[in-house]
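Visitor: With our numbering as the guide, the letters of the sequence shown map in order to residues 11 to 322. Using N, Cα and C, we set each Cβ at its ideal position, and we do this for glycine too. Quick caveat: nothing in here was measured; it's all calculated off a predicted structure. Can you read through this structure? Questions will come right after.
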Amino acid sequence: AAGKRPSCAVVLGLLLAAVSAAGAEFITWEDLTMPAVARLIRGAPVDVKSAAAGRGGVGVSTIVVSQDGTGHSRTVQGAVDMVPAGNTRRVKILVRPGVYREKVTVPITKPFVSLIGMGTGRTVITWNARASDIDATGHQVGTFYSASFAIEADYFCASHITFENSAPAAPPGAVGMQAVALRLSGDKTMLYRCRILGTQDTLFDNIGRHYLYNCDIQGSIDFIFGNARSLYQGCALHAVATSYGAIAASQRSSASDESGFSFVGCRLTGSGMLYLGRAWGRYARVVYAFCDLGGIVVPQGWSDWGDRARTK
């Protein structure tokens, strides 16, 4: 009907139809839906020698992760390592149920990876680093390297999985307590029905263009932050702030910068009194459209980060 907004499902279907037609390396419904995932995992070949051959450049289309040793790898990072450097075709990493306590990086040399779990309550990747932690060289790891899961490659896709930073919540004003659960530093990442859990600086939407659909994101202070250009559609944004907090912190630093965060059809829930966003950059850009803001947003809505010039 004229003037009627298309549903999220219709929009997603159109997007997937467009990219699926472009080639096998792009995202398909098979990467995103649970029935297809279950079939793939039951029927996936568990041939460790075949999977290991992928390290030498022989393509492996499906890699299974299982903590009991019945897959190709016991760890998620081990499965990522099996993807050939310079990969040009989509590789599916199917992660069987379990809590995977590890720090994972998908390097820039390994694009077109799909990470598929068995449900956000069943497949969990978790670590507990904070920005103030000391690394092997005696230096603080910093916010950037505190991420439990870091995506540096392009065309990454994840579905039905939880990314968590389990570091305890810090009191307001504490220094060095940033604890990133997920960092997006590639381009054209898509997340579908994922859960991203943490407190301060949960999701580092660093750079690139990304689409998050029907995801749950939890945090307290600036729990979505960075300089990417991303669309969050149909997501649940859950605050665990004890007093005050903020959802988004955009680092956009110039009028010509195309970055910013758009929240469409999202729901805000939780505790504390929240700012919709804080102006981390002088030209911060955050948009909420057709969202349910709940009753936890402060009346003024936005914070200028202590710089009145940023309210212009």
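1) With Ser-260 and Gly-291 assumed to form a contact (beta carbons below 8 Å), what rounded beta-carbon distance in angstroms separates them?
2) Would you mind giving the Cβ-Cβ distance between Ile-234 and Ile-227, rounded to the nearest angstrom? I have them listed as a contact below 8 Å.
3) Return the bridge partner residues of Asp-267 from the DSSP annotation.
4) What do you get for Asp-78, buried or exposed, if any count of 16 or more other CB atoms within 10 angstroms of its CB means buried?
5) Alpha carbon to alpha carbon, how far is Gly-13 from Ala-246?
6) Can the beta-carbon of Val-274 be found closer than 7 Å to that of Gln-310?
7) Leaving out five residues on either side along the sequence, give the residues of the same chain with a beta carbon under 8 Å from the beta carbon of Gln-358.
8) Go through the segment 255 to 300 residue by residue and report every complete run of the alpha helix (DSSP H) that reaches 4 residues or more, in order.
9) Within 10 angstroms of its Cβ, does Arg-100 collect 16 or more other Cβ (buried), or is it exposed?
10) Considering just the uninterrupted stretch of the alpha helix (DSSP H) at Asp-91, what are its terminal residues?
11) Can you have a look at Asp-302 and say buried or exposed, based on whether 16 or more other CB atoms are within 10 angstroms of its CB?
12) Based on the DSSP output, what are the partners of Ala-246 in its beta bridges?
13) Give every residue of the same chain whose Cβ lies closer than 6 Å to the Cβ of Ser-60, excluding the five residues on either side of it in the sequence, and list them in chain order.
14) For the candidate residues Thr-147, Arg-106, Met-187 and Pro-121, whose alpha-carbon lies nearest to that of Ala-138?
15) Taking Cys-211 and Ala-189 to be in contact with their CB atoms under 8 Å, please state how far apart those CB atoms are, rounded to whole angstroms.
16) In this structure, does DSSP put Phe-5 in helix, strand or coil?
17) So, at 8 Å on beta carbons, what are the nonlocal neighbours of Ile-306 in its own chain, with the 5 sequence-adjacent residues on each side left out?
18) Could you round the C-beta distance between Ile-103 and Ala-163 to whole angstroms and report it? I think they count as a contact, below 8 Å.
19) So which of Cys-204, His-220 and Gly-229 has the shortest CA-CA distance to Gly-131?
20) Looking at Phe-159 and Ile-206, is the spacing between their C-beta atoms short of 7 Å?
21) Rounded to the nearest angstrom, what separates Gly-304 and Gly-148 at their Cα positions?
22) Would Val-75 and Ala-89 be called neighbours here (beta carbons separated by less than 7 Å)?
23) Check each candidate in Thr-209, His-170, Leu-222 and Ala-177 and name the one with the smallest Cα separation from Leu-194.
24) Out of Pro-121, Ala-251 and Tyr-293, which has the shortest C-alpha to C-alpha gap to Pro-178?
25) Whole angstroms is fine: what's the gap from Cys-167's alpha carbon to Ala-265's?
26) Quick one: what's got a C-beta closer than 7 Å to Ala-256's C-beta in the same chain, skipping five residues either side?
27) Please report the residue range of the beta strand (DSSP E) in which Val-105 lies.
28) Name the two residues that bound the continuous beta strand (DSSP E) containing Thr-133.
29) Counting C-beta neighbours from all protein chains within 10 Å, is the total for Gly-196 16 or more, i.e. buried, or is it exposed?
30) On the DSSP letters alone, give me the boundaries of the beta strand (DSSP E) that Phe-154 sits inside.
31) Rounded to the nearest angstrom, what separates Val-308 and Ser-176 at their Cα positions?
32) Among residues of its own chain, excluding the 5 on either side of Arg-262, which ones have a beta-carbon nearer than 7 Å to its beta-carbon?
Guide: So, from the data block:
1) Residue mapping note: residue 260 aligns to position 250 of the sequence shown, counting from 1. Residue mapping note: residue 291 aligns to position 281 of the sequence shown, counting from 1. With 8 Å as the limit, Ser-260 and Gly-291 qualify as a contact, their Cβ atoms being about 6 Å apart.
2) Here the question's residue 234 lines up with position 224 in the sequence shown. Here the question's residue 227 lines up with position 217 in the sequence shown. The C-beta distance from Ile-234 to Ile-227 rounds to 6 Å, short enough to fall under 8 Å.
3) As a first step, residue 267 must be located in the sequence shown, where it is residue number 257. According to DSSP, which records beta bridges pairwise, Asp-267 is partnered with nothing at all.
4) By 1-based counting over the sequence shown, the position of residue 78 is 68. Asp-78 should be labelled exposed.
5) Looking up residue 13 in the sequence shown gives position 3. Looking up residue 246 in the sequence shown gives position 236. Interpretation of Gly-13 is limited by its pLDDT of 46, a score under 50 that renders its predicted location unreliable; the figure taken from the coordinates is listed afterwards. Near 26 Å, if we compare the C-alpha coordinates of Ala-246 and Gly-13.
6) Here residue 274 refers to the residue found at position 264 when the sequence shown is read from its first residue. Here residue 310 refers to the residue found at position 300 when the sequence shown is read from its first residue. Not in contact: Val-274 and Gln-310 (Cβ atoms no closer than 7 Å).
7) Absent from the structure is residue 358, since the part of the chain shown begins at 11 and ends at 322.
8) none
9) Against the sequence shown, residue 100 aligns to sequence position 90. Flag for Arg-100 reads buried.
10) Residue 91 sits at position 81 when you count from the first residue of the sequence shown. Here the alpha helix (DSSP H) through Asp-91 covers 86 to 92.
11) Here residue 302 is taken as the residue at index 292 of the sequence shown, counted from 1. Classification for Asp-302: exposed.
12) Here residue 246 corresponds to residue number 236 of the sequence shown, with the count starting at 1. Partner(s): Asp-226 and Arg-277.
13) Within the sequence shown, residue 60 is the residue found at index 50, counting from 1. A caution first: Ser-60 carries a pLDDT of 45, below 50, which makes its placement in the model unreliable, though a value can still be read off. Contacts found: none.
14) Stepping through the sequence shown from its first residue, residue 138 is reached at position 128. According to the sequence as given, residue 138 is Asn; it is not Ala. The option with the nearest alpha carbon to Asn-138 is Met-187.
15) Along the sequence shown, one-based indexing puts residue 211 at 201. Along the sequence shown, one-based indexing puts residue 189 at 179. The sequence shown places Asp at residue 211, rather than the Cys named in the question. Rounded, the Cβ-Cβ distance is 7 Å, consistent with contact.
16) Nothing about residue 5 can be reported from this structure: the residues present for the chain run from 11 to 322 only.
17) Within the sequence shown, numbered from 1, the residue matching residue 306 stands at position 296. Closer than 8 Å at the Cβ level, and outside the excluded window around Ile-306, lie Ala-249, Leu-278, Thr-279, Gly-280, Ser-281, Gly-282, Met-283 and Leu-284.
18) By 1-based counting over the sequence shown, the position of residue 103 is 93. By 1-based counting over the sequence shown, the position of residue 163 is 153. Not a contact, Cβ separation roughly 12 Å.
19) In the sequence shown, residue 131 corresponds to position 121, counting from 1. The option with the nearest alpha carbon to Gly-131 is Cys-204.
20) Here residue 206 refers to the residue found at position 196 when the sequence shown is read from its first residue. Here residue 159 refers to the residue found at position 149 when the sequence shown is read from its first residue. At a Cβ-Cβ threshold of 7 Å, Ile-206 and Phe-159 do not count as neighbours.
21) Your numbering for residue 304 matches position 294 in the sequence shown. Your numbering for residue 148 matches position 138 in the sequence shown. Each residue's Cα considered, the two are about 44 Å apart.
22) Here residue 75 refers to the residue found at position 65 when the sequence shown is read from its first residue. Here residue 89 refers to the residue found at position 79 when the sequence shown is read from its first residue. Result yes, Cβ atoms of Val-75 and Ala-89 sit closer than 7 Å.
23) Within the sequence shown, the letter at position 184 stands for residue 194. Nearest of Thr-209, His-170, Leu-222 and Ala-177 to Leu-194, Cα basis: Leu-222.
24) Within the sequence shown, numbered from 1, the residue matching residue 178 stands at position 168. When only C-alpha atoms are compared, the closest one is Ala-251.
25) Taking the sequence shown and counting its residues from 1, one reaches residue 167 at position 157. Taking the sequence shown and counting its residues from 1, one reaches residue 265 at position 255. Looking at the two C-alpha atoms, the distance is approximately 30 Å.
26) Within the sequence shown, numbered from 1, the residue matching residue 256 stands at position 246. The residues are Ile-231, Asp-232, Leu-284, Tyr-285, Gly-287, Arg-288 and Ser-313.
27) Numbered from its first residue, the sequence shown carries residue 105 at position 95. Counting along the chain, the unbroken beta strand (DSSP E) around Val-105 starts and ends at 101 to 105.
28) Position 123 of the sequence shown, counted from the first residue, corresponds to residue 133. Per DSSP, Thr-133 belongs to the beta strand (DSSP E) from 133 to 137.
29) Locating residue 196 in the sequence shown gives position 186, counting from the first residue. Answer is buried; the Cβ neighbour count reaches 16.
30) To locate residue 154, count along the sequence shown from 1; it is residue 144. Per DSSP, Phe-154 belongs to no beta strand (DSSP E) and is neither H nor E.
31) Your numbering for residue 308 matches position 298 in the sequence shown. Your numbering for residue 176 matches position 166 in the sequence shown. Val-308 and Ser-176: Cα-Cα distance of roughly 27 Å.
32) Start at 1 with the first residue of the sequence shown, and residue 262 comes out as number 252. Taken in chain order, the residues that qualify are Asn-237, Ser-269, Gly-270, Gly-291, Tyr-293, Ala-294 and Arg-295.
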